[in-house]
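Here is the structure we will look at.
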Amino acid sequence: MEEFARACAEALLGAGAAEERAASEAQAIVRCQTEAGRRQAQALEEKELRILALSEENAAQAFSVVQHEEEASRLRQWSYAYEATAKAEALTAQRCRSEMVTAVQELQRFHRMQQLQHDMRIQVPSRLEPILEGGSPASTEDADRELEANAGAVSLASTEADDSDQEDMKALVLRLQSELMEVEAERAKASAQRDEAREALAALQKEHTALAESRQFAAPSAPLAVPSAPLAVPGAPASALGALSGTLSPASPFRDGAGSTSSVPCSPLRRAAQAPTDPAGRLLQAKLQLNEAMAELRSLRSPG
1 MEEFARACAE
11 ALLGAGAAEE
21 RAASEAQAIV
31 RCQTEAGRRQ
41 AQALEEKELR
51 ILALSEENAA
61 QAFSVVQHEE
71 EASRLRQWSY
81 AYEATAKAEA
91 LTAQRCRSEM
101 VTAVQELQRF
111 HRMQQLQHDM
121 RIQVPSRLEP
131 ILEGGSPAST
141 EDADRELEAN
151 AGAVSLASTE
161 ADDSDQEDMK
171 ALVLRLQSEL
181 MEVEAERAKA
191 SAQRDEAREA
201 LAALQKEHTA
211 LAESRQFAAP
221 SAPLAVPSAP
231 LAVPGAPASA
241 LGALSGTLSP
251 ASPFRDGAGS
261 TSSVPCSPLR
271 RAAQAPTDPA
281 GRLLQAKLQL
291 NEAMAELRSL
301 RSPG
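This is the structure:
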């Protein structure tokens with residue numbers, strides 16, 4: 001009996017130990033399954049984060065390419081405006097030189113005519129010699145009176161000629177002064193336009209350099225392949241893409257056109273005209289300046 005009771009107790013103890021082992025194994029299996037599910041979820045989340053970061057980087061690079069092309073286009077427009085201003089200035093200088101040459105020639109001709117008239121006035125009285133007829137005193141007195149009358153008429157004519165010459169000279173001097181003032185004003189205007197175009201071009205070059213440096217600093221260690229063509233957005237203009245790139249990229253020097261400012265320093269012409277700061281507005285401003293320069297060029301060509 002004792003052996004049977006001992007055997008039963010051992011059997012019960014073995015069954016309890018087996019149940020404990022089975023329960024521990026079941027818990028271990030549950031823990032393994034839970035850990036595997038958690039790791040799989042973490043792997044999926046990391047993969048999604050990598051895909052999202054990759055897409056954001058591609059979008060930022062595409063927008064930077066679009067912005068770079070817009071900056072290059074604006075630089076070309078300002079270069080065209082600068083060339084037109086330089087041509088207008090050259091034509092103005094040529095016109096000024098031709099008018100100065102014409103004025104000098106007219107002055108030389110005027111001085112020659114004045115000298116010729118002066119010589120003629122000097123030579124006329126010397127040629128008037130009294131003619132004695134019969135040697136009578138009456139005829140001599142008549143000749144003297146006639147000589148005095150002729151001398152008075154010659155002096156009166158010379159005085160009138162001097163007055164008319166002085167009036168003509170004053171009118172010529174006034175006309176030359178007015179033309180010279182007009183030429184100087186046109187030259188100053190062309191010089192101011194050239195300086196403004198030069199300042200705007202320098203500002204755009206600085207902005208382009210800053211944009212390139214910011215792109216180099218913001219580039220990752222292993223950059224992705226940048227597409228050769230800009231990102232095509234159906235129905236969106238280039239100015240909207242530039243504004244969107246300015247809002248997304250921190251290295252962009254532009255913002256949207258709703259009251260934001262640009263990094264380009266405002267020139268006196270822009271402050272006077274209150275030009276817009278978005279790329280499309282500044283491109284329109286450059287076109288307007290180019291049209292004004294071409295109109296001035298045509299107006300300078302028309303008198304010649």
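Just so you know, we're using full-length UniProt numbering here: the sequence shown kicks off at 1 and counts up by one.
For glycine and all other residues, C-beta sits at the position ideal for the given N, C-alpha and C.
Could one say the Cβ of W78 lies closer than 8 Å to chain D's Cβ atoms, at least one of them?
In the structure shown, chain D cannot be found, because there is only a single protein chain.
Is E46 buried or exposed, if buried means 16 or more other CB atoms sit within 10 Å of its CB?
By 1-based counting over the sequence shown, the position of residue 46 is 46. Within a 10 Å sphere around the beta-carbon of E46 sit fewer than 16 other beta-carbons, which makes this residue exposed.
Measuring alpha carbon to alpha carbon, tell me which of E213, L204 and E296 ends up nearest S79.
In the sequence shown, counting from the first residue as 1, residue 79 sits at position 79. Out of E213, L204 and E296, L204 has the C-alpha closest to the C-alpha of S79.
Pairwise C-alpha distance: C96 and A81:
On the sequence shown, residue 81 is found 81 positions in, with the first residue counted as 1. On the sequence shown, residue 96 is found 96 positions in, with the first residue counted as 1. Cα to Cα, the separation comes out at about 22 Å.
Ignore the nearest five residues each way along the sequence and tell me which others in A41's own chain have a CB closer than 6 Å to its CB.
For the purposes of this step, residue 41 is identified with residue 41 of the sequence shown, where counting begins at 1. There are no such residues.
I need the straight-line Cα distance from residue 351 to E292, nearest angstrom please.
With the chain covering only 1 through 304, there is no way to say anything about residue 351.
Please report the Cβ distance between A190 and A84, rounded to the nearest whole angstrom; I am assuming they are in contact, meaning their Cβ atoms lie under 8 Å.
As a position in the sequence shown, residue 190 is number 190, starting the count at 1. As a position in the sequence shown, residue 84 is number 84, starting the count at 1. At roughly 11 Å, the Cβ-Cβ gap does not stay under 8 Å, so A190 and A84 are not in contact.
For the putative contact between R187 and T92, defined by C-beta atoms under 8 Å, what is the C-beta separation to the nearest angstrom?
Here residue 187 refers to the residue found at position 187 of the sequence shown. Here residue 92 refers to the residue found at position 92 of the sequence shown. By a beta-carbon distance limit of 8 Å, R187 contacts T92. Their separation comes to about 5 Å.
Beta-carbon contacts of L201 that lie in its chain and below 8 Å, excluding the five residues immediately before and after:
Position 201 of the sequence shown, counting from 1, holds the residue named residue 201. Closer than 8 Å at the Cβ level, and outside the excluded window around L201, lie L75, W78, S79 and Y82.
From Q193 to H68, what does the alpha carbon distance come to, in whole angstroms?
As a first step, residue 193 is located in the sequence shown; it is residue number 193 there, counting from the start. As a first step, residue 68 is located in the sequence shown; it is residue number 68 there, counting from the start. Q193 and H68: Cα-Cα distance of roughly 26 Å.
Smallest Cα separation from S98: which of E179, M113, L174 and A62?
Here residue 98 corresponds to residue number 98 of the sequence shown, with the count starting at 1. For the residues E179, M113, L174 and A62, the minimum Cα distance to S98 belongs to E179.
Quick one: Cα of R6 to Cα of G16, how far?
Position 6 of the sequence shown holds residue 6. Position 16 of the sequence shown holds residue 16. Whole-angstrom Cα-Cα distance: 15 Å.
Spatial neighbours of R271 within its chain, please: CB distance less than 7 Å, with the 5 preceding and 5 following residues excluded, ordered by chain position.
Walking along the sequence shown from the start, residue 271 turns up at place 271. At R271 the pLDDT is 42, less than 50, meaning the model places this residue with poor confidence; the figure from the coordinates comes in the next sentence. Excluding its 5 nearest sequence neighbours in each direction, R271 has no C-beta neighbour in its own chain below 7 Å.
A60 to L211, Cα distance in whole Å?
Indexing the sequence shown from 1 puts residue 60 at position 60. Indexing the sequence shown from 1 puts residue 211 at position 211. Going by the C-alpha atoms only, they are around 14 Å apart.
Taking M181 as the reference, give the member of L52, E70 and M100 with the closest Cα.
As a working note, residue 181 is residue 181 in the sequence shown. Comparing Cα positions, the closest option is M100.
Whose C-alpha, out of Q33, E184 and A18, is nearest the C-alpha of Q94?
What you label residue 94 is simply residue 94 of the sequence shown in a count that begins at 1. Of the candidates Q33, E184 and A18, the one whose C-alpha sits nearest the C-alpha of Q94 is E184.
If you drop the 5 nearest sequence neighbours on each side, which residues of the same chain put their C-beta closer than 7 Å to that of L198?
Here the question's residue 198 lines up with position 198 in the sequence shown. The sequence as given places Arg at residue 198; Leu does not occur at that position. The beta carbon of R198 is closer than 7 Å to those of Y82 in its chain, skipping five residues each way along the sequence.
Taking only heavy atoms of the ligand COA into account, decide whether any of them is closer than 7 Å to the Cβ of R215.
Ligands displayed in this structure: none; no statement on the ligand COA is therefore possible.
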